[in-house]
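Protein chains: 2
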Amino acid sequence: MPRVSDMKERLMDAAMDLIWENSYGATSVDAICERAGAKKGSFYYFFKSKSELAAAALEGCWNKKKAEMDSIFSPTVPPLERFDRYFDFVHDRLAEVQQKCGSILGCPFISVGSEVSTQDQIVRETIDRIMDRKLNYFVSAVRDAVAEGLVDAPDPVAKARALFSCYQGMMAQARIQNDIELLRGFKGVAMEVLGVKRAPALSSS
Amino acid sequence: MPRVSDMKERLMDAAMDLIWENSYGATSVDAICERAGAKKGSFYYFFKSKSELAAAALEGCWNKKKAEMDSIFSPTVPPLERFDRYFDFVHDRLAEVQQKCGSILGCPFISVGSEVSTQDQIVRETIDRIMDRKLNYFVSAVRDAVAEGLVDAPDPVAKARALFSCYQGMMAQARIQNDIELLRGFKGVAMEVLGVKRAPALSSS
DNA sequence: AAAATACTTGACTGATCAGTCTACATAGAT
DNA sequence: ATCTATGTAGACTGATCAGTCAAGTATTTT
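These protein sequence lines are chains H and A, in that order.
Residue numbering for the first sequence is 0 to 204, as defined by numbering that gives the first Met the number 0.
Residue numbering for the second sequence is 0 to 204, as defined by numbering that gives the first Met the number 0.
As structure tokens, then:
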């Protein structure tokens, strides 16, 4: 195989950045090409439509985060500490992005999902799948917490879903209000929603 | 004052319908005009931009709902029953809209807010204000529930915020998954998040 | 009757949109 | 050396975008 190009990745990264910062609708193919340093021809060489690129970019975004998620939600970590670490991680990540672009961007999957759900099946299904995978981390952690007697939950899946909804709602609000403070206090809210019996001593800062 | 026209309201309604069903970005001024039976000139006679119309339409949407909210969250209704009635109301409303347009549309304020927050200050601030007013209903109800000893909450505002986030997250997910079932089970989730001591006997079905 | 207010009309502009197409470049394989 | 696969370049298309504008109509006030 001749020359290998990193243009496909550059286009996906550029698309993800722009879509997350602005929105799917407000992000043009021209703008994506410009940021990626590509020309139109390259774009349509790799992707057959804007919508297909968006789906690929979102999937790629998830794949990048997956390793980190696996580490944070590792079964070797005490279940409640997983949430603690995760919300710290998200906070730090959003704060870092805010330095670059000046806004709290929240979760791209919720924002873009809400935006395109009625108009773009490809993107909608991609996001649906990703959200489900994300939820699974919560479910395992809640199950483990129940097993260790840290949390009372007759239905761990329902509990995990409740926390997941709460997390998503908070992220959406953080974006709308452009306020990271909502995230800062979320660890406490999470423990309350889980109905933690007594706060465990955590090792991390 | 000469002739009175209902075109302003027609434009606002048309805009709200289209933006809620699709998105802000995917809704063109031409499409709004067509649905309202207006011509371009009329549009720009009443509104100086698409963004200003969107803000007006969202504000108008809230004003229409306000009376219903006041009734549901009336202090004469037992506090926990307010939530019960509200989530029933939202469920029925979304189911009704689904009949017309085939999709679960969720909450327009969250969807549009997430979409435009970084791009349109006018709309962003409008939504921020509306969400805050909505939250206040939750806060009062939680306070009353605490006063009646139905709920334990050292910080009723935090509790209300937690439930509000959870509600919003669930609505966003309902739209993304195009699934109303999430709403059906929400009343139970809400009571759990509130940490209701014992389920009170409710009068409504 | 005339003037003023409150709209309505629809053609128009220039920018931008997603997507197409042909020609070309660069690399490894033979 | 040349052939082939993998890209790249960028001009182009036709549709659609938000927004403008000058001219018109209907209604009430004076």
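By construction, the Cβ of each residue, glycine as well, lies at the ideal position given by its N, Cα and C atoms.
Is A/S164 near H/E114, with beta carbons less than 8 Å apart? no
Completely contained alpha helix (DSSP H) runs for the region 33 to 104 of chain A, where each covers 4 or more residues: 39 to 45, 49 to 71 and 78 to 100
(message) I need the straight-line Cα distance from H/K49 to H/I126, nearest angstrom please.
(response) 16 Å
Once DSSP output is grouped into helix, strand and coil, what is the label at A/V195? strand
Please check the pair A/V150 and A/V195, which I expect to be a contact at CB under 8 Å, by giving their CB distance rounded to whole angstroms.
-> 6 Å
_Using only CA atoms, which one of H/L181, H/G112 and H/E191 lies nearest to H/L93?_
H/L181
On the criterion of 16 or more Cβ atoms from any shown chain inside 10 Å, does H/G24 qualify as buried, or is it exposed? buried
Cα-Cα separation between H/S27 and H/A54, rounded to whole angstroms: 15 Å
Is H/S110 close to chain A? Criterion is C-beta to C-beta, closer than 8 Å.
yes
Should H/I129 be labelled buried (16 or more other beta-carbon atoms within 10 Å of its own) or exposed? buried
At the level of alpha carbons, what is the spacing between H/Q176 and A/F72? 25 Å
* To do: Please state whether DSSP places H/V156 in a helix, a strand or coil.
  => helix
_Could you tell me the alpha carbon to alpha carbon distance between H/V122 and A/C106, rounded to whole angstroms?_
20 Å
Can you tell me whether H/A140 is buried or exposed? The criterion is at least 16 other CB atoms within 10 Å of its CB, across all chains shown. buried
So for A/V213, helix, strand or coil by DSSP?
Lying before the first or after the last residue shown, residue 213 of chain A is absent from chain A, which here runs from 0 to 204.
I want to verify the contact list: residues of chain A whose CB lies under 7 Å from the CB of H/Y166, in sequence order. G168
Original post:
In chain A, what lies closer than 9 Å to H/M130 by C-beta?
Top reply: Q172, I175 and Q176
Checklist entry - At a Cβ threshold of 8 Å, is H/N135 touching chain A? => result no
Label H/P1 either buried or exposed according to how many other C-beta atoms from any shown protein chain fall within 10 Å of its C-beta, with 16 as the threshold for buried. Confidence in H/P1 is poor, its pLDDT being 42 and thus under 50, which makes the residue's placement too unreliable to answer from.
Which chain A residues sit within Cβ distance under 7 Å of H/E191?
A161
Pick from A/K7, A/V96 and A/M68: whose alpha carbon is nearest that of A/D83? A/M68
Just how far apart, CA to CA, sit A/K99 and H/Q118?
-> 16 Å
Count the other CB atoms, across all protein chains shown, that sit within 10 Å of the CB of A/I179; report buried if there are 16 or more and exposed otherwise.
exposed
Check your understanding: Can you tell which of H/A35, H/P155, H/G168 and H/Y136 has the C-alpha that lies nearest to the C-alpha of H/R142?
Key -> H/P155
Rounded C-alpha distance that separates H/D29 from H/L79
45 Å
Counting C-beta neighbours from all protein chains within 10 Å, is the total for A/I18 16 or more, i.e. buried, or is it exposed?
buried
| request: Could you check the C-alpha separation between H/K63 and A/E147 for me, to the nearest Å? | output: 49 Å
task = Taking only the alpha-carbon atoms, compute the straight-line gap between A/P153 and A/F108 and give it to the nearest angstrom.
result = 29 Å
Would you kindly work out how many angstroms separate the C-alpha atoms of A/H90 and A/Y166, rounded to a whole number?
12 Å
Beta strand (DSSP E) runs wholly inside the region 116 to 182 of chain A, at least 3 long, in chain order:
none
Check your understanding: Going by the beta-carbon positions, is the gap between A/F45 and A/M6 smaller than 8 Å?
Key -> yes
Counting only Cβ pairs nearer than 7 Å, list the residues of chain A close to H/A25. G24 and Q118
*Taking H/E20 as the query, report the chain A residues whose CB atoms sit under 7 Å from its CB, ordered along the chain.*
T117
**Prompt:** Mind checking if H/V156 is an interface residue toward chain A, Cβ cutoff 8 Å exclusive?
**Reply:** no
* To do: For H/S50, go through chain A and note every residue whose CB falls closer than 9 Å to its CB, in chain order.
  => By Cβ distance, chain A contributes nothing, its closest Cβ being about 12 Å from H/S50, past 9 Å.
| message | Let me make sure I understand the geometry here. Which of H/M170, H/G187 and H/M11 has the alpha-carbon closest to that of A/S116? | response | H/M170
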